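> Counting with my numbering, you get residues 326 to 717 for the letters of the sequence shown.
Even glycine gets a Cβ: it sits at the ideal position worked out from N, Cα and C.
In this text the structure is predicted, and so the values were computed from the model without any measurement.
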Amino acid sequence: MSGDLEESRALTDAISYPDGGLRAWLIVFGVGVFQTYYQLHLLKDSSPSAIAWIGSVQIALTYGIAVWIGRLFDNGWFAWPAAGASVALVVLTVLTGQCTKFWQFLLCQGFAVGIASGVIFGPTLAIVSHWFRRRRSTALGIVAAGASVGGMVIPISVQQLIPRIGFPWTTRVLALIFLFTTGILNLCLKRRLPPVKTSGGVFNWKAFKYKPFSLYTLAVFVLLTYIDVSATNAGIDTSFDVYLLAIANAASGGARITCGMVADRIGPMSVIIPGTIVAAIVTYAWPFAQSLQSLVAIAIVYGVASGIFGSMQVVPLIHMGDMSDVGRRIGILFSILAISALAGPPISGAIATATGDYKAVGYYAGSTILIAAAIMCYVRYLMTGRLFGGRF
C-alpha cells in the first residue's frame, strides 16, 4: 500500500500542468464592511471592540477550519461540501437581516457564515494549484483579485442600499449576489489530480520540522481591518468611509494580478517581501492621516501593498512540499492565521478605546508587519542561500 502511494506521488509530480485552456481559466473565474453600520446604528450600545468580534469570529472560522477542510480535499472531498456550504451562505445572509441583538449577529454572521465560508475558501486555492504550475502565481493573483472586486462592490452596495430599502432587504440583495457567485463556483471548480491518502493526521506536525515552512507560517501571522472606521473617527463624512475601503480594494485588485505575473518570473518571495515592508511603513503613517486627501493616498498605497501579500501568501507554501498534501499545508497556514484573525481587530479596538485614537494601533500593527517581513527574509535565505536573487 505504501509503495502504491509513493508511486502515485511520483506520477502526480510527473504529470504536466495545463497552465491555461478553457477549463483551467474557468477554475480561476470560479473562485469588515458592516462594522461601521453596526457601530452607528443597530448596535449603538456596544463598544467598537465588542462589535469587532463579529468580523473576527467570522474570519477566524473561515481560516480556522481550513486544516480539516484541506485534509478532506486531499482525500477527494470537495463538490458536496462546497455545494452545501454555498446554500448555507445564501440562507445565512438572509437571516442576518433579521438579527437585532449582538449575540444574534455573532451567532449568525460570525460563527455560521464563518464556517460556511471556510468550507468554500481553502480548497479553491488548492484546486487552482492543480491546474497551474508555470503560471500559478498569475492564476492565484486573478483569484485573489476577485476578493478585491467584492471589496469594491459589496461595501458601496450596502452603503447605498440600506438608506433606500433598509437593512433586511439589503441582506437579501447580497444573498442573491452570493447565489450567483457561488453558483458559478460550483459549476466551474473541479479538481484535476486524483486524491491521495497521505500519512499523518489532520494536523501534520511533521511539516513544522521543515524550518522554512514553520517560519513562513509564523511570518504571515498578520491582520489589520481598521482603516474604514478610522476615516469616520478622523472627521471624514460617514458616507465616504465605505468608499475609502473600496478605493483600497480597487488598488489591491490591480496589484494582485500584476504581482502574480511578476512573481511567475522572479519568484513569489521576491514580490511578497517588498510589498510587506511597504505595508508596514504605510501602517505606521496611517493614523496620522487626518485629511481626505491623505487618507485616500494611504488607502491606495496600503491597498497595493496588502494586495501583494493577500494574493501571494499561499504560493511559497505550495512550493514547500508535494502536491498530494497541498490542501493540508494550506489548511495549516490558514488555521494558524485564524488566531491572529480572532485576536487582531479586538486588540486594535481595545487599544483605540484605551488611548482615544489610532496612533497606538498603527504602532502595534506596523511593528507586527515589519517583524513578519524580517522573518520572510530569513525564510528566503533558507530556501535559496541568499537574501537577494534566486527565483523564490
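#1: Determine the extent of the alpha helix (DSSP H) in which residue 482 is found, giving its start and end residues.
#2: Run through DSSP, which three-state label would residue 428 get?
#3: Taking residue 620 as part of the alpha helix (DSSP H), name the residues at either end of that continuous run.
#4: Select from 702, 507, 453 and 440 the residue whose C-alpha is nearest the C-alpha of residue 544.
#5: Using CA coordinates, which residue listed in 395, 483 and 429 is at the minimum distance from residue 450?
#6: Suppose contacts are defined by Cβ-Cβ distances below 7 Å. Is residue 285 in contact with residue 401 by that definition?
#7: Look at the Cβ atom of residue 452, then the Cβ atom of residue 407, and state whether they are nearer than 7 Å.
#8: Identify, in the order they occur along the chain, each residue of the same chain with its Cβ nearer than 6 Å to the Cβ of residue 696, setting aside the five sequence neighbours on each side.
#9: Under 7 Å between the Cβ atoms of residue 493 and residue 422?
#10: Which one of 694, 368, 655 and 684 has the shortest CA to CA distance from residue 532?
#11: Taking the alpha-carbon of residue 424 as reference, which of 379, 642 and 471 has the nearest alpha-carbon?
#12: Between the C-alpha atoms of residue 332 and residue 521, what's the straight-line distance to the nearest angstrom?
#13: Could you say which of 686, 651 and 575 lies nearest to residue 398 if we only look at CA atoms?
#14: Classify residue 614: buried if its beta carbon has 16 or more other beta carbons within 10 angstroms, exposed otherwise.
#15: Residue 329 to residue 430, Cα distance in whole Å?
#16: If you check the beta carbons only, do residue 467 and residue 582 fall under 7 Å apart?
#17: Would you please state the rounded distance, in angstroms, between the beta carbons of residue 608 and residue 710? I believe it to be under 8 Å.
#18: Whole angstroms is fine: what's the gap from residue 712's alpha carbon to residue 592's?
#19: To which residues of the same chain is residue 706 closer than 8 Å at the C-beta, ignoring the five residues directly before and after it?
#20: Using C-beta distances below 8 Å, list every residue in its chain close to residue 610, excluding the 5 sequence neighbours before and after it, in chain order.
#21: From which residue to which residue does the alpha helix (DSSP H) around residue 441 run?
#22: Around the C-beta of residue 387, are 16 or more other C-beta atoms found within 10 angstroms, so that it is buried, or is it exposed?
#23: Distance, Cα to Cα, residue 569 vs residue 625?
#24: Does the ligand NAP have a heavy atom nearer than 6 Å to the CB of residue 618?
#25: Per DSSP, what kind of secondary structure is residue 406 in: helix, strand or coil?
#26: From what residue to what residue does the alpha helix (DSSP H) around residue 647 run?
#27: Hey, could you find the ends of the alpha helix (DSSP H) residue 604 is sitting in?
#28: Would DSSP call residue 390 helix, strand or coil?
#29: To the nearest angstrom, how far is it from the Cα of residue 636 to the Cα of residue 575?
#30: Nearest CA to the CA of residue 538: which residue from 645, 413 and 411?
#31: Counting along the chain, where does the alpha helix (DSSP H) carrying residue 537 start and finish?
#32: Please state if the CB of residue 631 and the CB of residue 577 are separated by a distance shorter than 7 Å.
#33: Going along the chain, which residues of its own chain have a beta-carbon closer than 6 Å to the beta-carbon of residue 571, five neighbours each way excluded?
#34: For residue 404, count neighbouring C-beta atoms within 10 Å of its own C-beta (all shown protein chains included) and say buried if the count is 16 or more, exposed if not.
Taking the geometry as given:
#1: Here the question's residue 482 lines up with position 157 in the sequence shown. Start and end: 461-490.
#2: Sequence index remark: in the sequence shown, residue 428 carries index 103 (1-based). Here residue 428 carries a helix assignment [DSSP, helix/strand/coil].
#3: Within the sequence shown, the letter at position 295 stands for residue 620. Counting along the chain, the alpha helix (DSSP H) containing residue 620 begins and ends at 617-637.
#4: As a position in the sequence shown, residue 544 is number 219, starting the count at 1. It is 702 whose Cα lies nearest to the Cα of residue 544.
#5: Numbered from 1 along the sequence shown, position 125 holds the residue referred to as residue 450. Closest option to residue 450, Cα to Cα, is 395.
#6: Examination of residue 285 is not possible in this model, given that the chain is present from 326 through 717 alone.
#7: Within the sequence shown, numbered from 1, the residue matching residue 452 stands at position 127. Within the sequence shown, numbered from 1, the residue matching residue 407 stands at position 82. Not a contact, by the Cβ cut-off of 7 Å.
#8: By 1-based counting over the sequence shown, the position of residue 696 is 371. Cβ neighbours of residue 696 beyond the five flanking positions: none.
#9: On the sequence shown, position 168 is the one that residue 493 refers to. On the sequence shown, position 97 is the one that residue 422 refers to. Yes.
#10: For this step, residue 532 is matched to residue 207 along the sequence shown. Nearest C-alpha to residue 532: 655.
#11: Residue 424 sits at position 99 when you count from the first residue of the sequence shown. Cα-wise, what sits closest to residue 424 is 379.
#12: Translated into the one-based positions of the sequence shown, residue 332 becomes position 7. Translated into the one-based positions of the sequence shown, residue 521 becomes position 196. With a pLDDT of 41 at residue 332, under the threshold of 50, the modelled position of this residue cannot be trusted; read the value that follows with caution. Distance between the alpha carbons of residue 332 and residue 521: 11 Å.
#13: In the sequence shown, residue 398 corresponds to position 73, counting from 1. Minimum Cα distance to residue 398 is reached at 651.
#14: On the sequence shown, residue 614 is found 289 positions in, with the first residue counted as 1. Burial call: buried.
#15: Against the sequence shown, residue 329 aligns to sequence position 4. Against the sequence shown, residue 430 aligns to sequence position 105. Caution is warranted here: a pLDDT of 40 is assigned to residue 329, below 50, making its placement in the model unreliable, and no coordinate value can be reported.
#16: Locating residue 467 in the sequence shown gives position 142, counting from the first residue. Locating residue 582 in the sequence shown gives position 257, counting from the first residue. In terms of Cβ geometry, residue 467 and residue 582 form a close pair [threshold 7 Å].
#17: To locate residue 608, count along the sequence shown from 1; it is residue 283. To locate residue 710, count along the sequence shown from 1; it is residue 385. Going by Cβ atoms, the distance from residue 608 to residue 710 rounds to 31 Å, so no, they are not a contact pair.
#18: Start at 1 with the first residue of the sequence shown, and residue 712 comes out as number 387. Start at 1 with the first residue of the sequence shown, and residue 592 comes out as number 267. Rounded to whole angstroms, residue 712 and residue 592 show a C-alpha spacing of 13 Å.
#19: Position 381 of the sequence shown, counted from the start, is the residue given in the question as residue 706. These residues qualify, in order along the chain: 712.
#20: Locating residue 610 in the sequence shown gives position 285, where the first residue counts as 1. Excluding sequence neighbours, residue 610 sits near 623 and 687.
#21: Against the sequence shown, residue 441 aligns to sequence position 116. First-last of the alpha helix (DSSP H) with residue 441: 438-456.
#22: One-based indexing of the sequence shown puts residue 387 at position 62. Result: buried.
#23: For the purposes of this step, residue 569 is taken as the residue at position 244 of the sequence shown. For the purposes of this step, residue 625 is taken as the residue at position 300 of the sequence shown. Answer to the nearest angstrom: the Cα atoms are 9 Å apart.
#24: The model on display carries no ligand, and the ligand NAP is accordingly not part of it.
#25: Within the sequence shown, the letter at position 81 stands for residue 406. DSSP places residue 406 in helix when its eight states are reduced to three.
#26: As a position in the sequence shown, residue 647 is number 322, starting the count at 1. DSSP places residue 647 in no alpha helix (DSSP H); its state is neither H nor E.
#27: Within the sequence shown, the letter at position 279 stands for residue 604. 594-610 is the extent of the alpha helix (DSSP H) around residue 604.
#28: For the purposes of this step, residue 390 is identified with residue 65 of the sequence shown, where counting begins at 1. Three-state result, residue 390: coil.
#29: Working through the sequence shown from its first residue, we reach residue 636 at position 311. Working through the sequence shown from its first residue, we reach residue 575 at position 250. Straight-line Cα distance between these residues: approximately 14 Å.
#30: Position 213 of the sequence shown, counted from the start, is the residue given in the question as residue 538. When each option's Cα is compared against that of residue 538, the closest is 645.
#31: Position 212 of the sequence shown, counting from 1, holds the residue named residue 537. For residue 537, the enclosing alpha helix (DSSP H) stretches over residues 536-544.
#32: Within the sequence shown, the letter at position 252 stands for residue 577. Within the sequence shown, the letter at position 306 stands for residue 631. With respect to the 7 Å criterion, residue 577 and residue 631 are classified as neighbours on the basis of their beta carbons.
#33: Taking the first residue of the sequence shown as 1, we reach residue 571 at position 246. Answer for residue 571: 477, 480 and 481, listed in chain order.
#34: Taking the sequence shown and counting its residues from 1, the one referred to as residue 404 is at position 79. Within a 10 Å sphere around the beta-carbon of residue 404 sit fewer than 16 other beta-carbons, which makes this residue exposed.
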